[in-house]
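Engineer: Let me begin by handing over the structure; questions about it come next.
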Amino acid sequence: MSETFSGNRGLQLEEGLIFEIGAFDKSGVDLAVPADMPLRIGVASREPIALPGLSEPEAVRHYVRLSQKNHSIDAGLYPLGSCTMKHNPRLNEKMARLPGLSDIHPLQPVSTVQGALALMDELAHWLTTLTAMPAIALSPKAGAHGELCGMMAIQAAIAARGELAHRKRVLVPESAHGTNPATAALLGFSVDEISATEDGRVDVVDLKKKLGDDVAAIMLTNPNTCGLFERDIIEIADAVHAAGGYFYCDGANFNAIVGRVRPGDLGVDAMHINLHKTFSTPHGGGGPGSGPTVLSDRLAPYAPRPFVRRDGQGFSLVEHADDAPEAFGRMVAFHGQMGMFVRALSYMLSHGSDGLRQVADDAVLNANYILASLQDVMSASYAGPCMHEALFDDSFLRGTGIDTLDFAKALIDEGFHPMTMYFPLVVHGAMLIEPTETESKASLDQFIATMRALVKAALDGETERFHQAPRFAPRRRLDETRAARQPVLRYHAPSMAAAAE
Amino acid sequence: MSDIRYTKDHEWVRREGDVLVVGITQYAQAQLGDVVYVEVPDAGRVLSAGGEAAVVESVKAASEVYAPLSGSVVEGNAALADNPALVNEEPEAGGWFFTMVCDDQAAFDTLMDEAAYQAYVKEID
Amino acid sequence: MRYLPHTPSDRVEMLAKIGASSIDDLFKDVPRAAWLNDPVDLPSHASELEVERHLSALAAQNMTASNVPFFVGGGAYKHHVPATVDYVIQRSEFLTSYTPYQPEITQGTLQYLFEFQTQVAELFGMEVANASMYDGSTAASEAVLMAQRVTKRNKAVISGRLHPHYRDVMATVIGKSDGQLDYAPLLFGQDEDLAARLDSDTACVVVQYPDFIGQPNDFSALATAVHEAGALLIVVVTEVVALGLLRAPGDMGADIVVGEGQSIGNGLNFGGPYVGLFATRQKYLRQMPGRLCGETVDADGKRGFVLTLSTREQHIRRDKATSNICTNSGLCALAFTIHMTLLGGQGLTRLARLNHERMIRLVTALEPLKIELMNEHFFNEVTLRLPIAAAPLVERLAARGILAGIPLTRLSPSTDFENYLILATTEVVTDADIDQLVSALAEELSEAGQ
Chain W
580 MSETFSGNRG LQLEEGLIFE IGAFDKSGVD LAVPADMPLR IGVASREPIA LPGLSEPEAV
640 RHYVRLSQKN HSIDAGLYPL GSCTMKHNPR LNEKMARLPG LSDIHPLQPV STVQGALALM
700 DELAHWLTTL TAMPAIALSP KAGAHGELCG MMAIQAAIAA RGELAHRKRV LVPESAHGTN
760 PATAALLGFS VDEISATEDG RVDVVDLKKK LGDDVAAIML TNPNTCGLFE RDIIEIADAV
820 HAAGGYFYCD GANFNAIVGR VRPGDLGVDA MHINLHKTFS TPHGGGGPGS GPTVLSDRLA
880 PYAPRPFVRR DGQGFSLVEH ADDAPEAFGR MVAFHGQMGM FVRALSYMLS HGSDGLRQVA
940 DDAVLNANYI LASLQDVMSA SYAGPCMHEA LFDDSFLRGT GIDTLDFAKA LIDEGFHPMT
1000 MYFPLVVHGA MLIEPTETES KASLDQFIAT MRALVKAALD GETERFHQAP RFAPRRRLDE
1060 TRAARQPVLR YHAPSMAAAA E
Chain F
26 MSDIRYTKDH EWVRREGDVL VVGITQYAQA QLGDVVYVEV PDAGRVLSAG GEAAVVESVK
86 AASEVYAPLS GSVVEGNAAL ADNPALVNEE PEAGGWFFTM VCDDQAAFDT LMDEAAYQAY
146 VKEID
Chain R
26 MRYLPHTPSD RVEMLAKIGA SSIDDLFKDV PRAAWLNDPV DLPSHASELE VERHLSALAA
86 QNMTASNVPF FVGGGAYKHH VPATVDYVIQ RSEFLTSYTP YQPEITQGTL QYLFEFQTQV
146 AELFGMEVAN ASMYDGSTAA SEAVLMAQRV TKRNKAVISG RLHPHYRDVM ATVIGKSDGQ
206 LDYAPLLFGQ DEDLAARLDS DTACVVVQYP DFIGQPNDFS ALATAVHEAG ALLIVVVTEV
266 VALGLLRAPG DMGADIVVGE GQSIGNGLNF GGPYVGLFAT RQKYLRQMPG RLCGETVDAD
326 GKRGFVLTLS TREQHIRRDK ATSNICTNSG LCALAFTIHM TLLGGQGLTR LARLNHERMI
386 RLVTALEPLK IELMNEHFFN EVTLRLPIAA APLVERLAAR GILAGIPLTR LSPSTDFENY
446 LILATTEVVT DADIDQLVSA LAEELSEAGQ
């Protein structure tokens, strides 16, 4: 039974679906009345579209109420390991909305968008310089897409050597993010897992055993998904190259080393960069991302179209197969995520190379501060120092009847978004915490104090607090089993459902 | 009483006349959590021991169910399409995955019996 | 630096807690060979003012669509986006939120995704839609991969009237995964006979609607033939506003409908970020890539929404995933759904009629000129054959401050198409714009002796 008549609780306002509150003859857009002309569409007309509209005031209210149910980095720390939830500067948004950068069409004559091409070229310069790599593909639309780009370039290089038929294996650590083996499999490679050592790094002995002349590539993340720098990475790169393979690096954790270490100096052949992680473009509730991919000399010739080329005094766009015969192809219509390029460049210009180096330093400092402040009460999976994220497992909860999921839900009641849970898969009940450099010491101290208090509550046997959590969020725990067993993926009007019966 | 054996991947195999019935154990379903979807093999599919035979999905994970023996599929359990919860409710009865014929009857006898499987589960838990 | 909260004394305190004497200690695992003592050779930090000046100077070099008569389409369209859209998507809770993996504190995102999925399915005339993909071209490629999985066959027959960039993307992705692509050529003046290319290994046939020369074609007969051959029909929509006026693809027998949603809620943005749309029949649900949002209840019995059927996706199935997709296009999908909500179904239909009316006006005004209209029908885009080369003409008109469409050779370089020009008109095109374009064309033609 509800405590209030409206079902609302103070500022927590319930909100229905647009299909429940809108009407078919409502609209929030004033449009001219079309002239009554005979149609020249050549096909039958559309039946009336069964979608309601809302007036502007109703629409604003609807979406503002929805927004109030969301947590966001603007509201508080998001300790999500591997996601790099840093502050999204508002200057980026202002720059991305400059009409000269936003109100331009990708297929306008190139002579009318020289500033846009110059911007792409400048972004490319920053990214290739930060990574010490000679070439870059800007078009991939997200990190996973960038992985696909890097692996396709590798595949093209192998094909150019006439070795595609027998180089069919890709080596991936057991701790890798799921996109890595998914990408390899999509391209027809088989995936071999490499085990980890006791201290959380790639087992170089196991790796060398698994190398052979049928290996196309290794896909590594560095720092790895446990938040640790792969000390043997140069030795690994050399071994892979000696076996005729290539080194793909997942750049998700670049925030730990940007301005401090250049992947090109580690022997990397291809690395995608998540602009929405390291370079502050907003996560937007799930996208859009951007995954430009840097390439070594050996892979540069195969970079996909389109790309920007300096052309005497100006810039041109290389779009067609005849103009770039070695390119492995085209990954997207048009040129890539220009809106994210502007935001990322605005961020890079703001920080400068000195600021970016400080970003890595503070990111690593913050993660180690959390590790040092929690390791006496929680079970850190590996001895420090860590890089930009700290990994814990659930052994500190053993015997309490509380698991990682329960712990995370209790954190929600405390006003925090939970850390990354159950990833990487190599430790049990993983909790991966990445604060990023934009958290103040006060913010970290508040998080640490809360975590310590929750640990104490768990060990003191306050199981109900955890099992019932969250109690104070806009919704309690949701029945995900029901959602999967009986999928309801769109609204169905009750009258239609009744008629169907 | 039917003849029943177990694999290290937590499948059970029960001889019923000419066919073998295959499913996952009580232990396995408890580990998986609520099953939301099952992909059973089509009739006639050729199986090799240890190879993938079916897929069982819970909300957060998908797991392979492996063929305990080599042979071919007689029938997949169609009831699981509408009611995957059967795997949780009756893992060793109504929640069976598929029936098969095996080309090597001797191989069946090499699998763990009930006692051996219970000991194995105790060991890994 | 304005984005970094720590003071020097903060850092000292924190290092003490960690037990390290300097930050360098924390980087001890970095091999000496890769150690950098100094910042990388790039400019050092800049104030907001300096960054604004720098980027504004780059912006000033570009000709913006709102400032000139604008007729450029080709898969991205300039429509008017209501002010409310940009305001809402900039709210902190939408802009800076994460993927809704913790549904209890992201019901805002999840509910709008549910509404978005419903709108997309309804617009396409299909049963179920996903929570968006990167863009139309990658969605189209994913559709072909899905058809291959569903039918367990390899071949894809591709219409010659599919956007050339989309064909190019398919060739890049599908070519790598054991598929075969059978490309019909781009032909004018005759209907394609795609049904003749069907055989027992055909997984799907891909058509665009309206096609890339701007023509809507009825593909119901093709759908029947495709189904008789045991294959799936994939329909690609690059101008989603057209669905306000044209019969829905689902009603014509499409099995998978994909599209580019940029036209609704999203600006041109020089090609991205855009938003891919993907919808299919209920029976193929488990083979559909991308994120899905579903309805359920919480522990108190209240309705709520969650991401569901995630076991298809990469983070769980790993090498058996339906695709390697990780992100959807979140904020762009939000912009789409807000704009669609403001319009309503009737509003979209009215908007579509306005677009079509603009093109009727343009086509009528062009009649006196010696220009051949290659379309029998159109929605808001047409392809013309001029008596002179189109690419240099477009350059000359740009120099005069008119963005007069796209030379076909920009998309499909071939001497056969040198004289072809693609023009689009949306509701933002005025009578004055049309008059300016037509008189400029008339002048150009008469100077060329035409």
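Protein chains in written order, with this note's numbering: chain W, 580 to 1080; chain F, 26 to 150; chain R, 26 to 475. Glycine residues also receive a C-beta, built at the ideal position from the N, C-alpha and C atoms. Since the structure is predicted, the reported quantities are computational estimates derived from the model, not experimental observations.
Let me know if Q892(W) comes out buried or exposed under the rule of 16 or more other beta-carbons within 10 Å of its beta-carbon.
Structural biologist: Its Cβ having fewer than 16 others within 10 Å, Q892(W) is exposed.
Engineer: Going by DSSP, what residue range makes up the beta strand (DSSP E) through F141(R)?
Structural biologist: F141(R) -> not in any beta strand (DSSP E); alpha helix (DSSP H) instead, spanning Q132 to F149.
Engineer: Measure the CB-CB distance between L368(R) and V608(W) and report whether it falls below 8 Å.
Structural biologist: A contact, by the Cβ cut-off of 8 Å.
Engineer: Kindly list, in the order they appear in chain W, the residues whose Cβ is closer than 7 Å to that of D59(F).
Structural biologist: Within 7 Å Cβ-Cβ: T1060.
Engineer: Quick check on the burial criterion: 16 or more other C-beta atoms within 10 angstroms. Buried or exposed for K856(W)?
Structural biologist: With 16 or more other Cβ atoms within 10 Å, it is buried.
Engineer: For T176(R), which residues in chain B fall below 9 Å Cβ to Cβ?
Structural biologist: As a matter of chain content, chain B is missing from the structure shown, whose protein chains are W, F and R.
Engineer: Would you call the CB atoms of E1018(W) and T663(W) closer than 8 Å?
Structural biologist: No. Outside cutoff.
Engineer: Under 8 Å, with one C-beta from each stretch per pair, do the segment 694-703 of chain W and the segment 69-85 of chain R reach the 3-pair mark?
Structural biologist: Output reads yes: the segment 69-85 of chain R touches the segment 694-703 of chain W.
Engineer: Round the Cβ separation of G326(R) and S157(R) to the nearest angstrom and send it over; I've been treating them as touching at under 8 Å.
Structural biologist: No, G326(R) and S157(R) are not in contact; Cβ-Cβ is about 30 Å, not under 8 Å.
Engineer: Where do the N-terminal and C-terminal ends of the beta strand (DSSP E) with Y31(F) fall, by residue?
Structural biologist: Its beta strand (DSSP E) spans residues D28 to Y31.
Engineer: With 7 Å as the C-beta to C-beta threshold (strictly closer), list the residues of the segment 712-724 of chain W near chain R in chain order.
Structural biologist: Answer set for the segment 712-724 of chain W: K720, A721, G722, A723 and H724.
Engineer: Would you say L656(W) and F995(W) are within 8 Å of each other, going by their C-beta atoms?
Structural biologist: Yes; because the gap between Cβ atoms is below 8 Å, this pair is in contact.
Engineer: Excluding sequence positions up to five away, which residues of its chain have a Cβ less than 6 Å from the Cβ of D829(W)?
Structural biologist: Cβ neighbours of D829(W) beyond the five flanking positions: T800.
Engineer: Please list, in chain order, the chain W residues whose beta carbon lies closer than 8 Å to that of I48(R).
Structural biologist: Going along chain W in sequence order, the residues near I48(R) (Cβ under 8 Å) are D940, V943 and L944.
Engineer: Report the start-end ranges of each alpha helix (DSSP H) in the segment 68-136 of chain F that is 4 residues or longer and not cut off at the edges.
Structural biologist: Those alpha helix (DSSP H) runs which fall completely within the segment 68-136 of chain F and span 4+ residues are 104-107, 111-114 and 130-135.
Engineer: Distance, Cα to Cα, E1080(W) vs D972(W)?
Structural biologist: Residue confidence for E1080(W) is low, a pLDDT of 43 falling below 50, so the modelled location carries little weight; the figure read from the coordinates is stated next. Computed Cα separation, rounded: 50 Å.
Engineer: May I ask you to check if the CB of Q1047(W) is nearer than 7 Å to at least one heavy atom of the ligand HEM?
Structural biologist: As far as ligands go, the structure on display features none, and thus does not contain the ligand HEM.
Engineer: Please tell me whether T336(R) has its Cβ less than 8 Å away from any Cβ of chain F.
Structural biologist: Judged by the 8 Å Cβ criterion, T336(R) is in contact with chain F.
Engineer: Note the first and the last residue of the continuous alpha helix (DSSP H) segment covering V938(W).
Structural biologist: M917 to L953 is the extent of the alpha helix (DSSP H) around V938(W).
Engineer: Quick check on H252(R): buried or exposed, where buried means 16 or more other Cβ atoms within 10 Å of its Cβ?
Structural biologist: The residue in question, H252(R), is exposed, as its Cβ has fewer than 16 Cβ neighbours within 10 Å.
Engineer: Check whether chain R comes within 8 Å of M798(W), counting only Cβ atoms and requiring the distance to be less than that.
Structural biologist: Not an interface residue.
Engineer: Just checking my contact of A467(R) with P688(W) at CB under 8 Å: how many whole Å lie between their CB atoms?
Structural biologist: So it is not a contact: roughly 21 Å between Cβ atoms.
Engineer: Please tell me whether R1055(W) has its Cβ less than 8 Å away from any Cβ of chain F.
Structural biologist: So, not an interface residue.
Engineer: Helix, strand or coil for E626(W) per DSSP?
Structural biologist: Reduced to three states, the DSSP call for E626(W) is coil.
Engineer: Determine the closest residue to A882(W) out of V1005(W), N671(W) and P904(W), with distance taken between C-alpha atoms.
Structural biologist: It is P904(W) whose Cα lies nearest to the Cα of A882(W).
Engineer: Is it the case that the segment 201-220 of chain R contacts the segment 171-188 of chain R, given that we only count it when at least three CB pairs across the two stretches are under 8 Å?
Structural biologist: As far as the Cβ criterion goes, the segment 171-188 of chain R touches the segment 201-220 of chain R, which means the pair count is three or higher.
Engineer: Checking contacts by CB at 8 Å: is A53(F) closer than that to chain R?
Structural biologist: Cβ-Cβ to chain R under 8 Å: no for A53(F).
Engineer: Below 8 Å, how does it come out for the segment 944-954 of chain W and the segment 1020-1032 of chain W: are there three or more Cβ pairs, yes or no?
Structural biologist: Yes: the two stretches touch, three or more of their Cβ pairs being nearer than 8 Å.
Engineer: Could you round the C-beta distance between I363(R) and V110(R) to whole angstroms and report it? I think they count as a contact, below 8 Å.
Structural biologist: The pair is a contact, with the Cβ atoms about 5 Å apart (cut-off 8 Å).
Engineer: Is the CB of E82(F) under 8 Å away from at least one CB in chain R?
Structural biologist: E82(F) counts as touching chain R.
Engineer: Alpha helix (DSSP H) containing C728(W): first to last residue?
Structural biologist: Start and end: G722 to A739.
Engineer: Any C-beta of chain W sitting closer than 8 Å to the C-beta of L317(R)?
Structural biologist: Yes, contact with chain W.
Engineer: Would you report the Cα separation of G133(R) and R425(R), rounded to the nearest angstrom?
Structural biologist: Distance between the alpha carbons of G133(R) and R425(R): 47 Å.
Engineer: In angstroms with no decimal places, state the Cα-to-Cα distance between H340(R) and L698(W).
Structural biologist: With a pLDDT of 49 at H340(R), under the threshold of 50, the predicted position of this residue should be treated as unreliable, and no value is reported.
Engineer: In the DSSP assignment, what are the bridge partners of N649(W)?
Structural biologist: N649(W) pairs with T131(R).
Engineer: Which word fits V463(R), buried or exposed, when buried means at least 16 other C-beta atoms lie within 10 angstroms of its C-beta?
Structural biologist: Buried, because 16 or more other Cβ atoms sit within 10 Å of the Cβ of V463(R).
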